[in-house]
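One structure below.
Protein chains: 2
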Amino acid sequence: MQAGHRTWVFDQQPVIVSTGTVGGPFEAQGPLANDFDMLHEDLWLGEDSYEKAHRLLFEQACQKALEKGQRQKEQVQFVLGGDLINQITPTSLATRTLGAPYLGLFSACATSMEGLALGAMIINAGGADYVIAGASSHNAAVEKQFRYPTEYGGQKPPTSQWTITGAGAALLGKEGSGPRVTSATIGRVIDMGLTDPFNMGGAMAPAAVDTIEAHLKERGVDPSYYDLIVTGDLGRIGHSVSMDLFKKNGTAIEESQYKDCGIMIYDESQPVYSGGSGPGCSAAVAYGHLLNRMKKGELKRMLVVATGALLSPLTFQQGESIPCIAHAVSIEAESE
Amino acid sequence: MQAGHRTWVFDQQPVIVSTGTVGGPFEAQGPLANDFDMLHEDLWLGEDSYEKAHRLLFEQACQKALEKGQRQKEQVQFVLGGDLINQITPTSLATRTLGAPYLGLFSACATSMEGLALGAMIINAGGADYVIAGASSHNAAVEKQFRYPTEYGGQKPPTSQWTITGAGAALLGKEGSGPRVTSATIGRVIDMGLTDPFNMGGAMAPAAVDTIEAHLKERGVDPSYYDLIVTGDLGRIGHSVSMDLFKKNGTAIEESQYKDCGIMIYDESQPVYSGGSGPGCSAAVAYGHLLNRMKKGELKRMLVVATGALLSPLTFQQGESIPCIAHAVSIEAESE
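From first to last, the protein sequence lines are chains C and L.
To get my numbering, take the position in the first sequence, counting from 1, and add 1101.
To get my numbering, take the position in the second sequence, counting from 1, and add 1101.
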């Protein structure tokens, strides 16, 4: 394996054998509805708490990935995942159901690509034949914990974002056919001193830029190497801030090749303020819509840059600014 | 690298170049006081909140490791760590100070060995020359979050445990002299249906047994291979439950070679109920006291089995039982 300071290039190119994506009612109304394997009509999923519904989202995404990949859960050597709920209990409880050895992760909404990066590292090194990497979020569970119960009807500024209800899981394998995980760049904590939890996109944008620029430099490629560079959940404001930063730094990324999962997942008519967010956002969009586009031949190479705000309600109350991070993983279509 | 279903044997044997350990006032009164690099006289560490003091514990442990290893923070390619506080903010904020790329982890009190296992995996695979793996906990910050503010003076049953105030960090390197990380076994979520958060040791014991037995089997060694098999924080009750399980399963582990960091860290006269706990417990005891014993030649091979209870106050309130996990890492003295 080649390695830069914080970039791994996987010579064994682990394969994304299959993926599973699950969404909620709001995601079912969005433009990517057809890319989900499973959509739920309500937020409860038949459970008696939002957190239990959250757990089920992740369980179902993993099960769908196994089903589609025609693999048994006993073949999964490690599950790498996490979520935003305190002590990442939805993911831990889902992993209890799956029964596989478990590496719990936390990078807030950047957890999806932390898991894919580490999962690919393990497979590439010969540490497993199969792993599952995934992430999930549940709008009502997250709102209740970080802000107010949704029933309060608290108003939000236009800079805020909408946590998606959804999950995405990728079954990674040593061999087989499918898109390849070719490299990963791990993020540093970047904190520009912003303190407004209703503008996380703006706070996260510099972390995304830092990781993308480090990736291009350490991997030694131009932005044009990728058909698509897609951030996790910068939303409209963060997306625009990051474009400004690229221009300022002279990084030649074109508007046409640079997108955000949080913008893509909802229609402009949906009341999601600046866009979608949550660990499930980048996971569901990358493992659903974007890999579907790759399978259709519309994308050959993409860099998925999941972005995370590592704050908590307590750090906000204690006057801390928002520490942010972004982890990037490149996925490339199988060569013909 | 050789790999079992959930065991990695590291052919490159990453080196523990140096470690840093930090403790609080209660740890300073314990029998391992001399093994800490730094001890604090009060819980505040000069900060204005327990959470900020918690962050500082981890920062100082990392800085001590760098100092003792005579390495610069710029050489650290990845920090792998986590803690028990919601959204692991003390670790994330400490990593902001360090400036290194960051992989946030959560396995509750098993986080220490999750980090050492993944850090060794990265070094072994050629993904870095240096990483830091560590974990920390702060008694008052954790009590406040999981139970009641300590000022309330809430009474506890004798089965409960005392979260340590402390941190341990290991600087792992590709080359150099020092103890070697030779293998790791990742835990599954084991849940025997116990629901009492004041008896976590009892709940975690079956997870420790599951991981230790899997480790011995997959690595193909007898318990006698190790001078010491040490669990993270089972405490007196969990320790005794796990011994019973070994006997029942016919696993030949001797009382004399099987210890618990949570029992070792405090004196029997200290009012810690069943013993110490917290992610900092196994980290500080393994990276301080136990590695000191290895340096003195008293230990040649040890298996550190960090144990974690993956519950939250909310899962308890929602009637969930306690999902537990244990991750094991073997550390062996440099051969002569």
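Cβ coordinates follow ideal geometry from the N, Cα and C atoms, glycine included.
Cβ distance (whole Å) where L:P1460 is taken to contact L:D1143 below 8 Å: There is no way to answer for residue 1460 of chain L, as the model of chain L reaches only from 1102 to 1437.
Residues that DSSP places opposite C:I1186 in a beta bridge: In the DSSP assignment, C:I1186 forms no beta bridge with any residue.
Proximity to C:G1279 [Cα-Cα], best of C:H1106, C:S1436, C:G1105 and C:R1248: When only C-alpha atoms are compared, the closest one is C:S1436.
Short CB-CB distance (under 8 Å) between C:L1194 and chain L: Taking Cβ atoms only, chain L reaches closer than 8 Å to C:L1194, which makes this a yes.
Pick from C:G1409, C:D1112, C:L1329 and C:A1104 that is closest to C:E1276, judged by C-alpha positions: Selected option, being the one with the closest Cα: C:D1112.
Straight-line Cα distance separating C:Y1327 from C:K1401: CA-to-CA, the gap between C:K1401 and C:Y1327 works out to about 8 Å.
CA nearest to the CA of L:V1399, picked from L:A1270, L:H1390 and L:D1345: Going by the sequence as given, residue 1399 of chain L is Glu instead of Val. Of the listed residues, the one whose Cα sits closest to L:E1399 is L:H1390.
Contact with chain L by C:Q1173, beta-carbon distance below 8 Å: Contact with chain L is absent for C:Q1173, since none of that chain's Cβ atoms lies less than 8 Å from the residue's Cβ.
Whole-number beta carbon distance between C:Y1203 and L:R1289, since they are thought to touch under 8 Å: Yes, L:R1289 and C:Y1203 are in contact; Cβ-Cβ is about 7 Å, under 8 Å.
Whole-angstrom distance between L:Q1103 and C:Q1419, CA atom to CA atom: The C-alpha of L:Q1103 is placed about 47 Å away from the C-alpha of C:Q1419.
Residue nearest to C:T1190 in terms of C-alpha spacing, selected from L:H1155, L:P1424, L:D1323 and L:A1429: Among L:H1155, L:P1424, L:D1323 and L:A1429, the Cα nearest to that of C:T1190 belongs to L:P1424.
L:N1187: contacting residues in chain C (beta-carbon distance under 7 Å): Per Cβ cutoff of 7 Å: N1187, S1413 and L1415.
Minimum C-alpha distance to L:E1128 - residue among L:G1379, L:A1221 and L:T1283: For the set L:G1379, L:A1221 and L:T1283, the Cα lying nearest the Cα of L:E1128 is the one of L:G1379.
Buried/exposed call for C:Q1256, threshold 16 Cβ in 10 Å: C:Q1256 counts as exposed, since fewer than 16 other C-beta atoms from the protein chains shown sit within 10 angstroms of its C-beta.
Outcome for C:D1361 when other beta-carbon atoms lying within 10 angstroms are tallied against a minimum of 16: By the 10 Å Cβ count, C:D1361 comes out buried.
C:S1284 to L:K1174 span [Cα, whole Å]: When rounded, the distance between both Cα atoms is 24 Å.
Segment contact flag, the segment 1223-1238 of chain C with the segment 1177-1186 of chain C, C-beta cutoff 8 Å, min 3 pairs: Of all C-beta pairs linking the segment 1223-1238 of chain C to the segment 1177-1186 of chain C, three or more are shorter than 8 Å, placing the two stretches in contact.
Candidates L:Y1367, L:L1167 and L:E1356: closest to L:D1138 by CA position: Of L:Y1367, L:L1167 and L:E1356, the residue nearest in Cα terms is L:L1167.
Cα-Cα separation, C:G1363 to C:V1373: Roughly 10 Å separates the two Cα atoms.
Closest Cα partner of L:G1200 within the set L:F1179, L:R1337 and L:I1117: Looking at L:F1179, L:R1337 and L:I1117, the one whose alpha-carbon comes closest to that of L:G1200 is L:F1179.
Near-chain C residues of the segment 1268-1298 of chain L - C-beta to any C-beta below 7 Å: Within the segment 1268-1298 of chain L, the qualifying residues are I1287, G1288, R1289, V1290 and D1292.
Backbone CA spacing between L:T1120 and C:T1260 [nearest angstrom]: Spanning the two alpha carbons is a distance of roughly 43 Å.
Every unbroken alpha helix (DSSP H) inside the segment 1254-1323 of chain C [4 residues or more]: Within the segment 1254-1323 of chain C, the complete alpha helix (DSSP H) runs of at least 4 residues are 1301-1320.
8 Å contact criterion, which L:A1270 and L:A1134 should meet: CB distance rounded: Not confirmed; about 19 Å, so no contact.
Which of helix, strand or coil DSSP assigns to L:R1248: Coil.
Integer-rounded CB distance, given that C:G1377 should sit under 8 Å from C:Q1246: C:Q1246 to C:G1377, Cβ: 18 Å. No contact.
3 or more residues per run - each beta strand (DSSP E) lying fully within the segment 1194-1233 of chain C: Taking only runs of at least 3 residues, the beta strand (DSSP E) segments lying wholly in the segment 1194-1233 of chain C are 1203-1205.
Beta-carbon proximity list for C:Q1164, same chain, < 6 Å, skipping 5 on both sides: Closer than 6 Å at the Cβ level, and outside the excluded window around C:Q1164, lies no residue.
Simplified DSSP state of L:F1347, which is helix, strand or coil: Looking at L:F1347 - three-state DSSP - the assignment turns out to be helix.
Residues from the segment 1381-1396 of chain L in contact with chain C, defined by Cβ distance under 9 Å: Of all residues in the segment 1381-1396 of chain L, none has a Cβ within less than 9 Å of some Cβ in chain C.
Cβ pair L:A1353, L:P1324 closer than 8 Å: In this structure, L:A1353 lies near L:P1324, with their beta-carbon atoms less than 8 Å apart.
Members of the segment 1248-1265 of chain C near chain B, C-beta cut-off 7 Å: Note that chain B does not occur in the displayed structure, where the protein chains are C and L.
Residues in the segment 1204-1233 of chain L having any Cβ partner in chain C nearer than 9 Å: Answer in chain order: L1204, G1205, L1206, F1207, S1208, A1209, A1211, T1212, E1215, A1218, L1219, M1222, I1223, N1225, A1226, G1227, G1228, A1229 and D1230.
The ligand COA heavy atom lying under 7 Å from the CB of L:D1311: As for the ligand COA, it is missing from this structure, which has no ligand bound.
Assumed close pair C:R1197, L:D1292 - CB separation to whole angstroms, cut-off 8 Å: Between L:D1292 and C:R1197 the Cβ distance is about 5 Å, and since that is below 8 Å, they are a contact.
For C:Y1374, three-class secondary structure by DSSP: Correct three-state label for C:Y1374: coil.
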